[in-house]
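Under numbering that gives the first Met the number 0, the first residue of the sequence shown is numbered 0, with each subsequent residue one higher. A virtual CB, placed ideally from N, CA and C, is assigned to each residue, including glycine. Model, not experiment: these values are computed from the prediction.
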Amino acid sequence: MALISLIALVFSVALFLTGCMPLPDDEAAWVLQDLAAGEGDSRLKQRTPEPARRTVTYTVQGRTYRGHLYVPAQPALAGLVLVPGVAERGWNDPRLVAFATTLARVRFLVLVPDLPNLRALRVQAEDAQGVADAFVQLRARAEFPASGRAGIGAFSYAVGPAVLAALKPAINEQVDFVLGVGGYHDLNRVINFFTTGYFEQEERWRYMTPNSYGKWVFVYGNATLLSDPTDRTMLRRIAQRKLDNDQADIVDLTTQLTLKGQSLLNLLENRDPERTPALLAGLPAAIRAEVDALNLADKDLSRLRARLILLHGTDDNIIPYTETLALATSVPPGQSDVFLIEGLAHVDVQPLRLDRRSLWRAIGVLLAQRKDAGEED
Numbered sequence: 000m001a002l003i004s005l006i007a008l009v010f011s012v013a014l015f016l017t018g019c020m021p022l023p024d025d026e027a028a029w030v031l032q033d034l035a036a037g038e039g040d041s042r043l044k045q046r047t048p049e050p051a052r053r054t055v056t057y058t059v060q061g062r063t064y065r066g067h068l069y070v071p072a073q074p075a076l077a078g079l080v081l082v083p084g085v086a087e088r089g090w091n092d093p094r095l096v097a098f099a100t101t102l103a104r105v106r107f108l109v110l111v112p113d114l115p116n117l118r119a120l121r122v123q124a125e126d127a128q129g130v131a132d133a134f135v136q137l138r139a140r141a142e143f144p145a146s147g148r149a150g151i152g153a154f155s156y157a158v159g160p161a162v163l164a165a166l167k168p169a170i171n172e173q174v175d176f177v178l179g180v181g182g183y184h185d186l187n188r189v190i191n192f193f194t195t196g197y198f199e200q201e202e203r204w205r206y207m208t209p210n211s212y213g214k215w216v217f218v219y220g221n222a223t224l225l226s227d228p229t230d231r232t233m234l235r236r237i238a239q240r241k242l243d244n245d246q247a248d249i250v251d252l253t254t255q256l257t258l259k260g261q262s263l264l265n266l267l268e269n270r271d272p273e274r275t276p277a278l279l280a281g282l283p284a285a286i287r288a289e290v291d292a293l294n295l296a297d298k299d300l301s302r303l304r305a306r307l308i309l310l311h312g313t314d315d316n317i318i319p320y321t322e323t324l325a326l327a328t329s330v331p332p333g334q335s336d337v338f339l340i341e342g343l344a345h346v347d348v349q350p351l352r353l354d355r356r357s358l359w360r361a362i363g364v365l366l367a368q369r370k371d372a373g374e375e376d
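Here it is in structure tokens:
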């Protein structure tokens, strides 16, 4: 199962787990209950007609895409481009379909673009253009409300391309909000964490055992950027073997790597955070360039017009929650809403510790994005 597909699963499950503490009987709670119910009955299903899902093909400046458009049965109040995760099923991932359908029930017009890189388990900076083009298409749809707000939603590493898309001059003034779950700010710090387990908090190193899934997906996605075909093949085999079994022996594959291929493996085997900058600098130029292009820390995010709605689990062991805090502080004061959720890990949920009220509050902030549509809920 691919990383961001897991994030979508975690978000859905975490939001909708039932618990001891009752929530107010309001629309945000109905949204949570609906996703918990899956295909079963829920208060929201009882109160709202079934939305429609259509496959659409669209072209923006000569670039042609496919996507799924989720259309509310009642007139839409707002729009959202929902970026699919790094998963082979991509736009057809059942968890993504469930989330988009629930949002359509509460009158979001949702467009999920089919982005081939993400289905191939890669996140690349060029995907920002695909996200931006989907946003252009969303706002051009006849179903989009004339006075409605529009945003972009993404999980984990896809938060990077989502923010980069929102910065593009063609749509910067039109993106009203970005929903980011478990995202990042400085990709170099994230790489340091998933290799060494160390992250910085209040200028001090903190340690948390990292989930190895992140680093092997990083290898799998970036191996294609290497020039040597043997390196490309061996590194993808290494990554797949480790994704299947983190304890698997890979010596038979590592001995076939060139020095450039070995430089990537050296980074992954490092456990000393002080060595990480030099190892990153020693990566093949194509991988280094892609990391730099996806990094948000060196981008001028003060140009971002969109409001940031950011969620992150304090137990996240793939991307530490400090990355979401850094992303929030990179925009002008008052432009972000941050929800740190205890019990919400990147690929796991701790039900007994889950802060359901914070999740309910986060959904409320998302639903409030419809308020400027000129219609009552």
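Excluding five sequence positions before and after Ala51, the CB atoms of its chain that fall closer than 7 Å to its own CB belong to Val70, given in chain order. Taking a contact as a CB-CB distance under 8 Å, the pair Arg270 and Thr195 counts as one, their CB atoms being some 5 Å apart. Restricting attention to Leu22, Gly37, Ile362, Leu43, the CA atom closest to the CA of Trp29 is found in Leu43. Non-local C-beta neighbours of Gly260 in its own chain, meaning closer than 7 Å and more than five positions away in sequence, comprise Leu225, Asp227, Asp230, Met233, Leu234, ordered along the chain. The residue from Arg188, Trp215, Tyr219 with its alpha-carbon nearest to that of Arg205 is Arg188. For Phe143, there is no enclosing beta strand (DSSP E), as DSSP marks it with neither H nor E. Contact between Gln123 and Glu273 does not hold, since their C-beta atoms are separated by about 29 Å, which reaches or exceeds 8 Å.
Counting only unbroken stretches of 3 or more residues, the beta strand (DSSP E) elements lying wholly within the stretch 149-204 are 176-180, 197-200, in sequence order. Three or more Cβ pairs drawn from the stretch 60-70 and the stretch 126-135 lie within less than 8 Å of each other, which places the two stretches in contact. According to the DSSP assignment, Leu68 belongs to the beta strand (DSSP E) that extends over 62-70. Going by beta carbons, Ala97 and Gly150 fall outside the 8 Å limit. Sequence-distant Cβ neighbours of Thr56 in its own chain, meaning closer than 6 Å and more than five residues away, are Arg65.
The count of Cβ pairs closer than 8 Å, one atom from the stretch 298-309 and one from the stretch 169-185, reaches three, so the stretches are in contact. Residue range 335-340 is occupied by the beta strand (DSSP E) that includes Ser335. In this model, Asp291 and Ala164 are separated by some 16 Å (Cα to Cα). Less than 8 Å divides the Cβ of Phe143 from the Cβ of Leu108. For Leu303, there is no enclosing alpha helix (DSSP H), as DSSP marks it with neither H nor E. The residues Trp359, Ile362, Gly363, Leu366, in chain order, have a CB closer than 7 Å to that of Ala27 in the same chain once the five nearest residues on each side in sequence are set aside. By DSSP's assignment, Ala35 forms no beta bridge with any residue. Assignment of Arg106 by DSSP, reduced to helix, strand and coil, places it in the coil class.
Rounded to whole angstroms, Asn265 and Leu278 show a C-alpha spacing of 7 Å.
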